[in-house]
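2 protein chains.
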Amino acid sequence: MQHMTTEEYRSFLLDRPRTGKLATVRQDGRPHVVPIWFDLDGDTLVFTTWHTSVKVANMQHDPRVAICVDEETPPFDFVLIEGVATITDDAQMLRHWATRIASRYMGIEQAEAYGKRNSVAGELLVRVKPAKVVAQKKIAE
Amino acid sequence: MQHMTTEEYRSFLLDRPRTGKLATVRQDGRPHVVPIWFDLDGDTLVFTTWHTSVKVANMQHDPRVAICVDEETPPFDFVLIEGVATITDDAQMLRHWATRIASRYMGIEQAEAYGKRNSVAGELLVRVKPAKVVAQKKIAE
């Protein structure tokens with residue numbers, strides 16, 4: 004097992020549209036984890052979500068989150084990002100990031116349509132500035 | 004978005020060696036999430052882990068866990084399993100499951116070697132009986 008360099012870490016997050024798995028904590032203390040589409044704004048992780056989702060309720064109660072991104076084949080590289088989520092409903096920012104993120108995961112042809120769909124009223128933009136990063140490669144070697 | 008049938012759900016978990024993302028809660032209340040290799044024993048999720056790992060410390064403090072398994076390409080099917088973890092160090096069970104699990108993720112040729120490596124003293128076997136399952140398909144349609 005080895006630590007990724009900063010360059011390897013960014014490349015791992017951005018070069019392929021891997022999903023992030025966002026872990027939050029429910030009000031009763033149970034963990035919750037769901038896939039997210041994300042992009043990076045500098046080193047800040049950015050994603051959109053619907054305002055009535057479980058993850059939004061959890062983050063509004065406790066904004067501390069953890070996000071895991073991994074490679075599901077050998078040697079099973081992975082990144083764990085921990086930080087505090089901030090949530091906004093700024094329409095312009097939301098449309099900008101929803102479109103960029105959609106382009107990553109659905110392809111440039113569908114970016115406009117999915118960007119629109121994921122920035123309608125009720126969608127929220129979440130930003131997570133990494134407070135701690137674990138980025139490991141060659142786990143299974 | 005549609006719900007998977009029970010058959011689709013099992014097939015999603017087993018047909019390809021997808022990693023699970025195990026979410027636990029740290030003693031200070033922060034969420035934590037890391038990839039795991041798993042298999043199913045009936046409907047119980049089974050995985051091995053090292054006794055000094057963060058996830059073991061978290062589960063020893065609060066055994067409630069959530070596990071996410073997802074498809075990282077359209078239409079982004081995913082499964083969320085919530086349940087309570089039980090941890091054992093039974094050497095025979097550990098060797099049996101470590102070998103089965105290694106076969107899934109590293110291939111049958113390396114199953115013996117990785118099964119041995121992942122069942123040495125200090126490794127633990129974790130079992131999670133699903134209390135709640137969310138299994139959704141065609142998310143992006």
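In order, the protein sequences belong to chains H and G. Each number in the working numbering corresponds to the 1-based position in the first sequence with 3 added. Each number in the working numbering corresponds to the 1-based position in the second sequence with 3 added. A virtual CB, placed ideally from N, CA and C, is assigned to each residue, including glycine. Just so you know, these numbers come straight off a predicted model, no measurement behind them.
Point to revise | Identified DSSP bridge partners for L25(H) | key: The count along the first sequence starts at 1 and reaches residue 25(H) at position 22. Answer is V37(H), I70(H).
Exercise for review: Using a Cβ cut-off of 7 Å, pull out every chain B residue sitting near M109(H), in sequence order please.
Suggested key: No chain B appears in this structure, whose protein chains are H and G.
Check your understanding: Contact between the segment 53-65 of chain G and the segment 35-53 of chain H: three or more CB pairs below 8 Å?
Key -> no
Review point. According to the neighbour-count rule (16 or more other Cβ atoms, all chains shown, within 10 Å of its Cβ), is D42(G) buried or exposed?
Key: Position 39 of the second sequence, counted from the first residue, corresponds to residue 42(G). Buried is the call here.
Check your understanding: In angstroms, rounded to a whole number, what distance separates the CA positions of L128(H) and D44(H)?
Key -> As a first step, residue 128(H) must be located in the first sequence, where it is residue number 125. As a first step, residue 44(H) must be located in the first sequence, where it is residue number 41. Their backbone Cα atoms lie some 12 Å apart in a straight line.
**Study point:** Under 9 Å from the C-beta of D65(H): neighbouring residues of chain G
**Key:** Here residue 65(H) corresponds to residue number 62 of the first sequence, with the count starting at 1. Within 9 Å Cβ-Cβ: G32, R33, P34.
Practice item. Would you kindly check if the distance between the Cβ of M4(H) and the Cβ of I142(H) is under 8 Å? Key: Against the first sequence, residue 142(H) aligns to sequence position 139. Against the first sequence, residue 4(H) aligns to sequence position 1. Yes, the pair counts as a contact, with Cβ atoms nearer than the cut-off.
Review point. Could you check where the beta strand (DSSP E) with T102(G) kicks off and where it finishes?
Key: Within the second sequence, numbered from 1, the residue matching residue 102(G) stands at position 99. Not the beta strand (DSSP E): T102(G) falls in the alpha helix (DSSP H), residues 94-109.
Exercise for review: Rank Y117(H), I39(H), M96(H) by C-alpha distance to the C-alpha of S106(H) and give the top, closest one.
Suggested key: Within the first sequence, numbered from 1, the residue matching residue 106(H) stands at position 103. Comparing Cα positions, the closest option is Y117(H).
Check your understanding: Are the C-beta atoms of K24(H) and some chain G residue less than 8 Å apart?
Key -> By one-based count along the first sequence, residue 24(H) stands at place 21. Answer yes: the Cβ-Cβ gap between K24(H) and chain G drops below 8 Å somewhere.
Point to revise | the segment 82-112 of chain G: positions lying closer than 8 Å to chain H by Cβ | key: L83, E85, Y108, M109
Check your understanding: Taking three-plus beta-carbon pairs below 8 Å as touching, is the segment 62-81 of chain H in contact with the segment 126-140 of chain H?
Key -> yes
Check your understanding: Is the CB of A138(H) under 8 Å away from at least one CB in chain G?
Key -> Against the first sequence, residue 138(H) aligns to sequence position 135. It does not: the Cβ of A138(H) has no partner Cβ on chain G nearer than 8 Å.
Check your understanding: Ends of the alpha helix (DSSP H) at K119(G)?
Key -> Along the second sequence, read from residue 1 onward, the residue named residue 119(G) stands at position 116. 114-120 is the span of the alpha helix (DSSP H), which, as asked, contains K119(G).
Point to revise | DSSP three-state assignment for H6(G), whether helix, strand or coil | key: Stepping through the second sequence from its first residue, residue 6(G) is reached at position 3. H6(G): strand per DSSP, three-state reduction.
Review point. Are the C-beta of R130(H) and some C-beta of chain G separated by less than 8 Å?
Key: In the first sequence, counting from the first residue as 1, residue 130(H) sits at position 127. False, the Cβ-Cβ gap to chain G never drops below 8 Å.
Review point. Within the chosen definition, does the segment 63-72 of chain G reach the segment 108-116 of chain G through at least 3 CB pairs nearer than 8 Å?
Key: no
Practice item. Please report the Cβ distance between V28(H) and P34(G), rounded to the nearest whole angstrom; I am assuming they are in contact, meaning their Cβ atoms lie under 8 Å. Key: Taking the first sequence and counting its residues from 1, one reaches residue 28(H) at position 25. Taking the second sequence and counting its residues from 1, one reaches residue 34(G) at position 31. At roughly 5 Å, the Cβ-Cβ gap stays under 8 Å, so V28(H) and P34(G) are in contact.
Check your understanding: In this structure, what does DSSP give as the bridge partners for F79(H)?
Key -> For the purposes of this step, residue 79(H) is taken as the residue at position 76 of the first sequence. Bridge partners of F79(H): none, in fact.
Review point. What number of angstroms, rounded off, separates the C-alpha of A114(H) from the C-alpha of W100(H)?
Key: Counted from its first residue, the first sequence places residue 114(H) at position 111. Counted from its first residue, the first sequence places residue 100(H) at position 97. Cα to Cα, the separation comes out at about 10 Å.
Review point. By DSSP, does A143(G) sit in helix, in strand, or in coil?
Key: Mapped onto the second sequence, residue 143(G) falls at position 140. Coil at A143(G), not helix or strand.
Review point. What did DSSP end up calling V123(H) once you bin it into helix, strand or coil?
Key: Residue numbering aside, residue 123(H) sits at position 120 when the first sequence is read from its first letter. Reduced to three states, the DSSP call for V123(H) is coil.
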